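Protein chains in written order, with our numbering: chain S, 11 to 451; chain V, 84 to 392.
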Amino acid sequence: MFDELSEKVSGVFSKLRGRGVLSDADIKDGLREMRRVLLEADVSFQLTREFLERVEQKAAGIAAIRTVAPAQQLVKIVHDELTAMLGEKREGLVFNSVPPTVVMLVGLQGSGKTTTAAKLARRLKAEGRPTRLVAADVYRPAAIDQLETLGAQLEVPVHADRTTKDVVKIARAGIEEGRRARDRVVVLDTAGRLQIDEQMMAELVRVRDAVHPDEILLVADGMTGQDAVRIAQGFNDALGITGVILTKMDGDARGGAALSIYGATKKPIKYIGVGEKADALEEFHPERMAGRILQMGDIVSLVEKAQEAFDAAEAKKLEKKVRKEGVDLQDFLTAMKQMQKLGPLEGLLKMLPGVNAKMLKQVNSDPKRMKHVEAIVLSMTAQERKTPGIINGSRRARIAKGAGRPISEVNKLLDQFREMQKMMKKATGGGRMSLPPGLMR
Amino acid sequence: MPLLRKAGDSPRRSLWQRIKDVALADVTVLARGGVKAGSIERLEEILLEADFGVPVTLRLVDEVKRLATRGDVKTEAEFLKALQSLVAGSLRAGKSDTALVMSGQPPTVIVVIGVNGAGKTTFIGKLSARLRREGKKVMVVAADTFRAGAIDQLRVWAERTGAEFIGGQPGGDPASVAFDAIDAATSRGMDVVIVDTAGRLHTSDSLMDELRKVVRVITRRRPDAPHETLLVLDGTIGQNAVAQARTFSAAVPISGLVVTKVDGTAKGGIVVAVHEAIDAPVKFLGTGEQAGDLEAFDADAFAREVLEG
């Protein structure tokens, strides 16, 4: 997500970074390159122009004054403007004080409304807000089946009525059902439609006027091109949307649609869809995303994610022990297991500053590898785990056999462990977290 | 910084209207050999706003510039014609046969692939309707065992169009569904089998492997199949379409492109770049949700539509 865009943007600025003095020409070159980058990322024209004008204005002063680090300042200006372009600060769903809060999802065909409805329901339910789904897509074949299946998988109730094509009636009944069941949120999944289809847009207006949704969220494909502005404006003009959910952001789309849609509507992007699984819906944080684009890294997200996954007590115990007696292979395994909870390595690495898609391709981490490491460590005796120094040739052969892995892999693991020990030694006294090298080939 | 278009150009105005503004103002200047930087950049923007993408736009603009400098295009009409024929010419270069490949020995096997939400299942419904109208016996195969409701969605289309239907179990192995379907279609004397695959982002290696397996298994059952592997592209998509097409075609050979949802405001200009990237012809355009909303692709009509419509 945004990978390619961030790769290119950082390319533009790395040229400028080490410089003590920036000339007007430097800035102009940088901005011209930036223009191309944004256009190739599907950022709308209008917005690209406005963006560069603002940056140029703010940058005008930099060239004139000999500041300490003009290039850094330029990067900061671009970062701030990008953040502004993405929506300043995070905005979540607005809940009605009188439940149920009604959320209506609208968008083009195939933008991902039904999948998103399910993901949203799962998320809200996990937040302690009982949620009901309403199947208000009466046109696409099997759309109702799809929502019902997803609802059953997630154990979220679904209101459906196959006897009528009256969407207003379905929405009303679904919300009423939610009210009686004391649900906190009701999510309406509407049919996909083109924003220029007047008849279909009128249907949405009728639903809106009948049920007064608290949120009308435009579900838009993150890979959308220049049409993103027209789509967003069309839905916003007709309905007055309250926010946006961008889907399919786990691909390599450059993500310009995010910039375009916010720019065109000034309606916040509330969530992004990042995968096919039901939990692949993330909050959208403009300032973090801007940092990601400029490859400042998304440390905040990383830390939050880590906090979620790590067992704090266990981590503390580990830390204490490490400080006192150093690490052994058992700790190594525990650490690896905790990291596994964070999800695929690629996702984590992306959040680190300076890591881009190209580097990730080289990493080529193998999820099976973690299993192999586990098998190898578990094939050791307690004594061996504690003092790996005693592992000699015959022990290696036995461990390899027990784990069903080649001896070379056992050797490699032991090498890595030694590396890790060295690093831990260096890091004592407030070092930074880093991964053992070679852990990801 | 290059000159950029100032506000006031409504995006709803037709592309041609806007090109005309440029042409009327500046073609005479161009024709005299003087190139006014601003006008060329505006032409650039107009094409870029139709999702032609930077490389294709720059090339088209350069060619127009050259024609104008040589004095080959002078009037408004010539300007339009030149641009249209450049676009159509790009689409006709390389592989450009828009007809479906039909096997001399039925059944013809067609595999439909693409990212999530591109419109694969709807396209198959419409293609089935079209082939049924031509009197062919059609079988549609739901090898999308992942997305909830996908199998039912295709079944409804089969019923609507009078096609035979074979579906896997939700969560089942798509390759084995395809394998069985080839046998079933052969024994039931089908003319065409259309295999619907699950939507997948091209960046997911494991799902691309799954797709390779589906095609491999079909080929194992019938060495000359699939006869067509059609990549479905959402017409509203931007520059990512090129990356998609490249990755998909590296996984399985693509014989044709289908562009859906071109009945909206999207121009679908990206197909030129996609066509050039993987040398596959555009075969169909999806223009709506009804069974009849499928058009055989025509490069000239598309060029007209994208510039005038």
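Cβ atoms here follow ideal geometry from the backbone N, Cα and C, with glycine treated the same way.
As the structure is a prediction and not an experimental result, all values here were calculated from the model.
Neighbour flag for residue i against chain V, beta carbons, 8 Å
i	result
S/Gln340	no
S/Tyr149	yes
S/Gln119	yes
S/Lys432	no
S/Glu50	yes
S/Gln372	Any reading at S/Gln372 must be qualified, since the residue scores a pLDDT of 47, below 50, and its modelled position is unreliable; the value itself is stated next. Not an interface residue.
S/Phe55	yes
S/Arg46	yes
S/Ala152	yes
S/Asp36	no
S/Asp425	no
S/Asp260	yes
Residue i, buried or exposed, once every other Cβ within 10 Å from all chains shown has been counted against 16
i	result
S/Ile251	buried
V/Lys209	buried
S/Gly138	exposed
S/Ile417	exposed
S/Leu41	buried
S/Val229	buried
S/Val108	exposed
S/Glu165	exposed
S/Ile400	exposed
S/Gly235	buried
S/Asp289	exposed
S/Ala162	exposed
S/Ala128	buried
S/Phe12	Here S/Phe12 scores only 49 on pLDDT, less than 50, and its place in the model is too uncertain to base an answer on.
S/Lys123	buried
S/Val383	buried
S/Thr397	exposed
V/Val170	buried
S/His169	buried
V/Ala379	exposed
V/Asn323	buried
Assumed close pair residue i, residue j - CB separation to whole angstroms, cut-off 8 Å
i	j	result
S/Met259	S/Gly265	7 Å
S/Val116	S/Thr200	5 Å
S/Glu208	S/Met114	With 8 Å as the limit, S/Glu208 and S/Met114 do not qualify as a contact, their Cβ atoms being about 19 Å apart.
S/Ala183	S/Asp171	7 Å
V/Asp279	V/Val223	7 Å
S/Ile185	S/Val112	6 Å
Residue-level contact to chain S via CB, residue i, 8 Å cutoff
i	result
V/Leu131	yes
V/His285	yes
V/Gly200	yes
V/Gly347	yes
V/Leu391	Inspection of the sequence shows that residue 391 of chain V is occupied by Glu rather than by Leu. No, no contact with chain S.
V/Asp376	no
V/Glu372	yes
V/Ala328	no
V/Phe385	no
Partner residues on chain A for residue i, Cβ-Cβ distance less than 8 Å
i	result
V/Glu247	Included in the structure are the protein chains S and V, with no chain A among them.
beta-carbon residue i near the ligand GDP non-hydrogen atom, thresh 7 Å
i	result
V/Gly177	Although the ligand GDP was asked about, the structure shown includes no ligands whatsoever.
(request) Tell me the start and end of each unbroken alpha helix (DSSP H) in the segment 205 to 263 of chain S that is at least 4 residues and wholly inside, in chain order. (result) The qualifying runs are 208 to 221 and 237 to 249.
(request) Could you name the residues of the segment 332 to 344 of chain V whose beta carbon sits closer than 9 Å to any beta carbon of chain S, in the order they occur along the chain? (result) Taking 9 Å as the upper bound on Cβ-Cβ separation, chain S lies near residues Thr343 and Lys344 of the segment 332 to 344 of chain V.
(request) Output, in sequence order along the chain, the residues in the segment 235 to 258 of chain S whose CB is closer than 9 Å to any CB in chain V. (result) Within the segment 235 to 258 of chain S, the residues whose Cβ lies closer than 9 Å to some Cβ of chain V are Gly235, Gln236, Asp237, Ala238, Val239, Arg240, Ile241, Gln243, Gly244, Thr257 and Lys258, listed in chain order.
(request) Report the residues of the segment 305 to 322 of chain V with a CB closer than 7 Å to any CB of chain S, ordered along the chain. (result) Contacts with chain S (Cβ-Cβ distance below 7 Å) from the segment 305 to 322 of chain V involve Asp317, Thr319, Ile320, Gly321 and Gln322, listed in chain order.
(request) Name, going along the chain, the residues of the segment 154 to 188 of chain S whose beta-carbon falls closer than 7 Å to a beta-carbon of chain V. (result) For the segment 154 to 188 of chain S, the set of positions with a beta-carbon nearer than 7 Å to some beta-carbon of chain V reads Asp155, Gln156, Thr159 and Leu160 in chain order.
(request) Taking only beta carbons into account, state which residues of the segment 216 to 238 of chain V come closer than 9 Å to chain S, listed in chain order. (result) Cβ contacts with chain S come from Phe229, Arg230, Ala231, Gly232, Ala233, Ile234, Asp235, Gln236, Leu237 and Arg238.
(request) Check each residue of the segment 262 to 292 of chain S: if its Cβ is closer than 8 Å to any Cβ of chain V, include it; give the result in chain order. (result) So the close ones are Asp262, Ala263, Arg264, Gly266, Ala267 and Glu286.
(request) Can you give me, in chain order, the residues of the segment 350 to 367 of chain V that have a beta carbon less than 7 Å from any beta carbon in chain S? (result) For the segment 350 to 367 of chain V, residues whose beta-carbon sits nearer than 7 Å to a beta-carbon of chain S comprise Ile353.
(request) Any chance you could list the beta strand (DSSP E) runs of at least 3 consecutive residues sitting entirely within the segment 132 to 200 of chain S, in chain order? (result) The segment 132 to 200 of chain S contains these whole beta strand (DSSP E) runs: 141 to 146 and 195 to 200.
(request) Identify every run of the alpha helix (DSSP H) within the segment 141 to 200 of chain V, keeping only runs that are complete inside it and at least 4 residues long; order them along the chain. (result) DSSP runs (the alpha helix (DSSP H)) wholly in the segment 141 to 200 of chain V: 159 to 175.
(request) Taking only beta carbons into account, state which residues of the segment 99 to 132 of chain S come closer than 7 Å to chain V, listed in chain order. (result) Cβ proximity to chain V below 7 Å picks out Leu118, Gln119, Gly120, Ser121 and Gly122 from the segment 99 to 132 of chain S.
(request) Check distances from the C-beta atoms of the segment 126 to 156 of chain V to those of chain S and list, in chain order, the residues that come in under 8 Å. (result) Listed by position, the residues of the segment 126 to 156 of chain V near chain S (Cβ gap below 8 Å) are Glu128, Leu131, Glu132, Ala133, Asp134, Gly136 and Val137.
(request) Mind listing, in chain order, the continuous alpha helix (DSSP H) runs of no fewer than 4 residues lying wholly within the segment 322 to 353 of chain V? (result) Fully enclosed alpha helix (DSSP H) runs of 4 or longer: 323 to 334.
(request) Give, in chain order, every residue of the segment 189 to 212 of chain S whose Cβ lies closer than 8 Å to some Cβ of chain V. (result) Here the close residues are Leu204, Gln205 and Ile206.
(message) For the segment 222 to 235 of chain S, list every residue whose C-beta sits within 7 Å of some C-beta in chain V, in sequence order.
(response) Correct list: Asp231, Met233, Thr234 and Gly235.
(request) Only counting runs of 4 or more residues, tell me where the alpha helix (DSSP H) segments fall wholly within the segment 200 to 267 of chain V, in order along the chain. (result) Those alpha helix (DSSP H) runs which fall completely within the segment 200 to 267 of chain V and span 4+ residues are 203 to 216 and 233 to 244.
(message) Tell me which residues of the segment 391 to 412 of chain S have at least one Cβ-Cβ distance to chain V shorter than 7 Å, keeping chain order.
(response) Within the segment 391 to 412 of chain S, no residue has a Cβ that lies closer than 7 Å to any Cβ of chain V.
(request) Return the chain-ordered ranges of every alpha helix (DSSP H) run that is complete within the segment 379 to 441 of chain S and spans a minimum of 4 residues. (result) Annotation note: the segment 379 to 441 of chain S contains the following uninterrupted alpha helix (DSSP H) runs of length 4 or greater, listed N- to C-terminal: 392 to 396, 403 to 413 and 417 to 437.
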